[in-house]
């Protein structure tokens, strides 16, 4: 049972989700002007109340210290003036993006006076469960508002004080500027997550972000469609015809630029003819960056490396460790990636454009790259304005998911009395004419 | 354990699905020319072997008679010369459709020498479980080939003889004309369905067609994404300002043209000011077509009707029965549809264009219609060439699903040595320039 701040309404998550479902068509019908205005107000209020936000954040930092939270987590939960500037800039970018809600995707005259229109529209009610990062709360709420969706938000408990004030400011800006009462809801406790998982009648989509085990748990315990990724085992394949000036910096960046990210590289596949050219320089760079190499015998015997077990190639290290093996052909590399990978992001380093095209066609991943770091797999870097997550599923959205992943479509059919019996009997026939939009 | 006809390979469905998964990138890489040529060969071989097909079908009809299969089912399982002509024409239509596999959806220069390409591609391995209709087997196999997907097909057991010969002809045409060995597989037994449900590591999408209970069973017993619809509770709302010359034929068509279809109407909502104009004519038409009306008191008291219980509004009759109630406002109609409906197809009968637009915006269904029969909700009638099913989900495909619902996309990123560290440090910045395709 939960109490809505300042409202004295006690509702379960299930009741809340049902109320949101009813409000979701109201939310979906709001104009781009209203949605963008709300976003402007959110940016404004966050900046004007920054002292209160930073104070709440200090409380979270203090508790994190008392609870001996790891340094890496503390770094993410700190909400600085710089992070506030980044998120408000992110909101401004979102406002500037063209509106995709109610975009006409097809106009087809089926017969005279019978016109089919395919039009995008919001999905409805979206549940997002995310890590302890205050900036994530703001980004996700902003994306849901921009896309006309109602949202249930559950952030990491380590940022509860910051989340509480951020959410109440965002919610206030939303309802004071025309969005329906149940457009946004913040879940506070871990118990609410399991209740949320049973809300398949009201919640249209769940987006869990977090550890492999956590996302797997969500996927296995709900009937609600889930968008996301459990793990990120990304590969870099160094082809025979490669440029070492590109290869070494890309591998180092993909491993070290943010080691704990899902799009950092975990496995290196090296064409057997490329090993002797690549390894001496690479080993030196690994030593400089304190990267531990675990390689199969043909590499380990010659260069400074621990031996790799089969298990290594199925492991997301999220650490300064990299597995490596040689392959005899590009097909062997493709097969390894499709079997051991997580269909997230995989890269070929090659100067041979035909090899690149072949690799990019045959590797079954959301992102297939040539000659650049796997770390580019990100909604901001793709120019989506923001992302709610990265999907390794192939159904609906794939890869970094921005506004388009939060939309569906409906078919509108405008008739003038048509019945199917006339077409079934052959009295009338369809002429299918696509009209310009 | 199953034996592949003429191949002496005994594999479980799980092993078969894993083999298909490996072949799926080969399948996906076949050119439009190869895929269309295979379709041509399928149409040709089906016509040339029609006597054998009809003979197998007679066997199914004979067994259906012996097993006292209901008349409606027998009608569907009969495979006549007319049905063969229809399906081969359907294949020709598919061949003529523009190829959507590997269609460029976006080309964006992120920075100089760093270009993002979003390209459509097949989903991979699709499992389709469908009713006892031989034409469905041909259509579904053809759609999967056209879209570059591998497919596991399981048809109704009442057509097993017809399915067996149809599948073997289609499979032969497929592998003799360049598709990989494991592009298609036909499952024979009911037990194989439960095995198929556990193949979430190899099967990317399940499309079950059939009864409400069957589809619910599938949805509740697999981790594989499921596309389809459990039920079809479609509504027609007769607004105040309506044309009776349109209303009566549309309601009769939507109820009687194919009563057992998911897109036939189950509930009539009538604006209170429209009742007295509509009902006398409508009651007469109901009597002519033997339609039983179950209405709330304000209608039942005045016109020939049984009383409707609340349960009636949540029931998919699939029979010559129609529930009805009056509403005081269009909002009441919208609320009823969003609460009781199955988000399939709902229609407003009105001459008031503003009311139509409001209804079509606020009703949360895959199809929202004005002044035409709900029976138009169908891939052929939308001009998709064919459909694999109708989706009432909002994730991925919605409404009738043709080729586009069988495709996903991938992001290709072409670089020239770029690393993320340079962008994180501010040394480089993205310039996001969308290029013409």
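Residue numbers (our numbering), protein chains in the order written: chain A, 1 to 437; chain B, 1001 to 1437.
Heads up, the beta-carbon is just placed ideally off N, CA and C, and yes, glycines get one too.
Quick one, are the C-beta atoms of residue i and residue j less than 8 Å apart?
{"i": "residue 1401/B", "j": "residue 1387/B", "result": "yes"}
{"i": "residue 178/A", "j": "residue 30/A", "result": "yes"}
{"i": "residue 237/A", "j": "residue 375/A", "result": "no"}
{"i": "residue 204/A", "j": "residue 123/A", "result": "yes"}
{"i": "residue 1365/B", "j": "residue 1350/B", "result": "no"}
{"i": "residue 1226/B", "j": "residue 1206/B", "result": "yes"}
{"i": "residue 325/A", "j": "residue 314/A", "result": "no"}
{"i": "residue 959/B", "j": "residue 1125/B", "result": "Nothing about residue 959/B can be read from this structure; chain B reaches only from 1001 to 1437."}
{"i": "residue 1267/B", "j": "residue 1233/B", "result": "yes"}
{"i": "residue 439/A", "j": "residue 372/A", "result": "No information on residue 439/A is available, as it lies outside the stretch 1 to 437 that chain A covers here."}
{"i": "residue 331/A", "j": "residue 241/A", "result": "no"}
{"i": "residue 183/A", "j": "residue 390/A", "result": "no"}
{"i": "residue 1381/B", "j": "residue 110/A", "result": "yes"}
{"i": "residue 411/A", "j": "residue 114/A", "result": "no"}
{"i": "residue 1039/B", "j": "residue 1145/B", "result": "yes"}
{"i": "residue 323/A", "j": "residue 294/A", "result": "yes"}
{"i": "residue 327/A", "j": "residue 362/A", "result": "no"}
{"i": "residue 170/A", "j": "residue 337/A", "result": "no"}
Please list, in chain order, the chain B residues whose beta carbon lies closer than 7 Å to that of residue i.
{"i": "residue 327/A", "result": "Near residue 327/A there are no residues of chain B at all, since even the closest Cβ is about 16 Å away, more than 7 Å."}
{"i": "residue 396/A", "result": "1395 and 1396"}
Going along chain A, which residues have a C-beta under 7 Å from residue i?
{"i": "residue 1209/B", "result": "Simply none; closest approach about 17 Å."}
{"i": "residue 1123/B", "result": "394"}
Can you tell me whether residue i sits near the ligand PLP, meaning its C-beta is under 7 Å from at least one heavy atom of the ligand?
{"i": "residue 358/A", "result": "As for the ligand PLP, it is missing from this structure, which has no ligand bound."}
From the DSSP output, which residues share a beta bridge with residue i?
{"i": "residue 397/A", "result": "DSSP lists no partner for residue 397/A."}
{"i": "residue 1325/B", "result": "1269/B"}
{"i": "residue 186/A", "result": "153/A"}
{"i": "residue 104/A", "result": "119/A"}
{"i": "residue 1306/B", "result": "1294/B"}
Can you give me the Cβ contacts of residue i inside the same chain, cut-off strictly under 8 Å, excluding the 5 residues immediately before and after it?
{"i": "residue 73/A", "result": "64, 132 and 158"}
{"i": "residue 320/A", "result": "255, 256, 259, 289, 290, 291 and 292"}
{"i": "residue 1078/B", "result": "1057 and 1061"}
Please list, in chain order, all residues of the same chain as residue i whose beta carbon is under 7 Å from its beta carbon, the five residues on each side excluded.
{"i": "residue 139/A", "result": "87, 90 and 386"}
{"i": "residue 1083/B", "result": "1135"}
{"i": "residue 1252/B", "result": "1285 and 1289"}
{"i": "residue 1180/B", "result": "1023, 1026 and 1027"}
Taking DSSP as the reference, what is the three-state secondary structure of residue i?
{"i": "residue 230/A", "result": "coil"}
{"i": "residue 169/A", "result": "helix"}
{"i": "residue 1424/B", "result": "helix"}
{"i": "residue 1391/B", "result": "strand"}
{"i": "residue 3/A", "result": "Because the pLDDT of residue 3/A is 47, which lies under 50, any placement of that residue in the model is unreliable, and the number read from its coordinates should be weighed accordingly. In the structure shown, residue 3/A sits in a strand (DSSP, three-state: E or B)."}
{"i": "residue 262/A", "result": "coil"}
{"i": "residue 414/A", "result": "strand"}
{"i": "residue 433/A", "result": "strand"}
{"i": "residue 1179/B", "result": "coil"}
{"i": "residue 147/A", "result": "coil"}
{"i": "residue 370/A", "result": "strand"}
{"i": "residue 346/A", "result": "strand"}
{"i": "residue 295/A", "result": "strand"}
{"i": "residue 1041/B", "result": "helix"}
{"i": "residue 1419/B", "result": "coil"}
{"i": "residue 1129/B", "result": "strand"}
{"i": "residue 1109/B", "result": "strand"}
{"i": "residue 1408/B", "result": "strand"}
Whose Cβ in chain B lies nearer than 8 Å to the Cβ of residue i?
{"i": "residue 249/A", "result": "1417 and 1419"}
{"i": "residue 219/A", "result": "1223"}
{"i": "residue 239/A", "result": "Within chain B, no residue comes near residue 239/A; the closest Cβ sits about 14 Å away, beyond 8 Å."}
For a contact meaning CB atoms closer than 8 Å, what does residue i contact in chain A?
{"i": "residue 1245/B", "result": "417"}
{"i": "residue 1057/B", "result": "The premise fails here: residue 1057/B is roughly 23 Å from chain A at the closest Cβ pair, so nothing lies under 8 Å."}
Going along chain A in order, which residues have a C-beta closer than 9 Å to the C-beta of residue i?
{"i": "residue 1399/B", "result": "118, 409, 410 and 411"}
{"i": "residue 1205/B", "result": "394 and 395"}
{"i": "residue 1303/B", "result": "Going along chain A, no residue has its Cβ under 9 Å from residue 1303/B, so there is no contact; the nearest lies around 23 Å."}
{"i": "residue 1367/B", "result": "410, 411, 412 and 413"}
Output, in chain order, the set of chain B residues within a Cβ distance shorter than 9 Å of residue i.
{"i": "residue 79/A", "result": "Under the 9 Å cutoff, chain B gives no residues; its nearest Cβ is about 19 Å from residue 79/A."}
If I measure Cβ to Cβ from residue i and keep anything under 6 Å in the same chain, skipping five residues before and after, which residues do I get?
{"i": "residue 1093/B", "result": "1385"}
{"i": "residue 1273/B", "result": "1240"}
{"i": "residue 1021/B", "result": "1125 and 1202"}
{"i": "residue 1053/B", "result": "1165"}
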